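Working notes for the structure below.
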Amino acid sequence: MPHHVLLLKNPDESSPDPYQRTLLLNGFTTSIVPTLVHSYIDPDGLSNTIAHGEEYGGVIITSGRAVDAWENATTRIQERVPELVLGAKESGTGELLAKFICADYPTRPSHDLPLLYLTGDKNAGGVGKGLEGNIGFKMVQVYATSASTTFEEDFERGVREGASQSTPSTVIVFFAPSSAELALPVTRKHFSLSSPSEEKPRAKLVAIGPTTARALADNHNLQVDAVSSKPEPEALADAIQRLSTL
C-alpha cells in the first residue's frame, strides 16, 4: 500500500533533499514540513577553541548543524584543520557511537587528551552518558533551536498534498525528540495517532532512531510503528517499506 510521507525536518541544503529523493525512488509521495529554526552560538569562541586545538585529542560531531558550526568556525580562522572521520559505519545512534569511541580512542596517540563534543541546546545525551567515566570530554553548545512559526501552515500544506495524490494512508516521520512538542498538537488535529477513529484517519508514526522513539514513548505515551535502523535515507525507506507489508 503506498503512503504519503510527512517528513518533520528542515529541508537539506542540497536539492533535492536526500530523504525525499530516496522515498520518491521507492514509490512514496512526500512532503517536507520544517519544524525548527537554528541559530549559532558564539562562533568566535568556537574558532578560538579550534585555533588552540592542541588541547583536545579529537572532536565529536553528531548533527548537521554541528557540522555547519564547525565548518563556519574553521573558515573564520582561515586554517586548515587536519580531519580523519571515524565511526560513520560503526554507529547509527548516540549509544553506538559512544561504544565505538570507548573502544577506538584509547588506541590513538592522543588518548590522554579530552575530546571536544559539539552539541545543540537539545542534546539527547546518548553520547555523553556513554562516555562518562571512560573517556574525558568537554561539551560545548554551538547552536540553539527554536520552533518554526509556520509549522502548522506547512503541516496542513503537506496534508493537502497527500490528499491530492489520493494516497490511502499517511506516515509521519519524527527526526528528533525536540520536534514532538511542536508537532503533536497540530498532528492530532488531523490524525488519530494510536488507534483507529471514525472522525480522523489513522497515521502511522516512524522514528529516525531509537532515541526519538523512546522520547515519544516516555514523554508522549506514543508507540511508533517503525524505527529506522540508521539515520540514513535508505534505512528510513526500508522501515517505511516494511509498513506496507503489515
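Using UniProt numbering, you'd call the opening residue of the sequence shown number 1 and step up by one each time.
Even for Gly, the Cβ is constructed at its ideal location relative to N, Cα and C.
None of the values given here were measured: they were computed from a predicted structure.
Original post:
In or out: ARG157 buried (at least 16 other Cβ within 10 Å) or exposed?
Top reply: Per the 10 Å Cβ criterion, exposed.
Original post:
When DSSP labels each residue in this structure, what does GLY53 get in the three-state scheme?
Top reply: It is helical.
Original post:
Helix, strand or coil: which one does DSSP assign to LYS204?
Top reply: In the structure shown, LYS204 falls within a strand segment according to DSSP collapsed to helix, strand and coil.
Subject >> Helix, strand or coil at THR149 [DSSP, three-state] >> reply: It is coil, neither helix nor strand.
Original post:
Skipping 5 residues on each side, what residues in its chain have a beta carbon closer than 6 Å to that of SER192?
Top reply: Only LYS200 and ARG202 meet the Cβ criterion.
Original post:
Among all the DSSP beta bridges, which residues are the ones paired with LEU116?
Top reply: Beta-bridge pairing links LEU116 to VAL59 and LYS138.
Subject >> Contact under 8 Å by Cβ, HIS3 with SER169 >> reply: Yes, these two residues count as a Cβ contact at 8 Å.
Subject >> Bridge-paired residues (DSSP) for ILE172 >> reply: Partner(s): LEU6 and LEU205.
Original post:
So is GLY133 buried or exposed if we call it buried at 16+ other beta carbons inside 10 Å?
Top reply: Exposed, because fewer than 16 other Cβ atoms sit within 10 Å of the Cβ of GLY133.
Original post:
Could you give the C-beta distance for LYS99 and LEU116, rounded to a whole number, given that I count them as a contact under 8 Å?
Top reply: Their Cβ separation, rounded to whole angstroms, is 19 Å, which puts LYS99 and LEU116 out of contact at 8 Å.
Original post:
Is the Cβ-Cβ distance between LEU216 and ALA180 less than 8 Å?
Top reply: Yes, they are a contact pair.
**OP:** State buried or exposed for residue 249, treating a residue as buried only when at least 16 other CB atoms are found within 10 Å of its CB.
**Re:** The structure shown does not extend to residue 249, since the chain is modelled only from 1 through 246, so no value can be given for it.
Subject >> First through last residue of the alpha helix (DSSP H) which encompasses VAL67 >> reply: Looking at the DSSP string, the run of the alpha helix (DSSP H) that includes VAL67 is 64-76.
Subject >> Helix, strand or coil at ILE101 [DSSP, three-state] >> reply: Helix at ILE101.
Original post:
Relative to the C-alpha of GLU152, which residue among ASP225, VAL227, ARG21 and THR187 is closest?
Top reply: When C-alpha distances from GLU152 are compared across ASP225, VAL227, ARG21 and THR187, the shortest belongs to THR187.
Subject >> Counted within 10 angstroms of its Cβ, other Cβ atoms place LEU25 as buried (16 or more) or exposed >> reply: With a 10 Å radius around the Cβ and a threshold of 16 neighbouring Cβ atoms, LEU25 comes out exposed.
Original post:
Is LEU23 near VAL37, with beta carbons less than 8 Å apart?
Top reply: Result no, Cβ atoms of LEU23 and VAL37 do not sit closer than 8 Å.
Subject >> Strand pairing of ILE32, partner residues [DSSP] >> reply: Bridge partners of ILE32: LEU7.
Subject >> Reference GLU54, options LEU113, GLY162 and LEU184, closest by Cα >> reply: Minimum Cα distance to GLU54 is reached at LEU113.
Original post:
What are the start and end residues of the alpha helix (DSSP H) that includes LEU184?
Top reply: Boundaries of the alpha helix (DSSP H) harbouring LEU184: 177-190, taken from the DSSP string.
Subject >> Inter-stretch contact (C-beta, 8 Å, three-pair minimum) for the stretch 103-110 and the stretch 30-49 >> reply: Verdict: no, contact absent.
Original post:
Helix or strand or just coil, what does DSSP make of VAL127?
Top reply: It is helical.
Subject >> Cutoff 6 Å; reference HIS111; Cβ partners in own chain excluding five residues on either side >> reply: Its chain contains TYR105 as the residues whose beta carbon lies nearer than 6 Å to that of HIS111, once the 5 sequence neighbours on both sides are disregarded; these appear in chain order.
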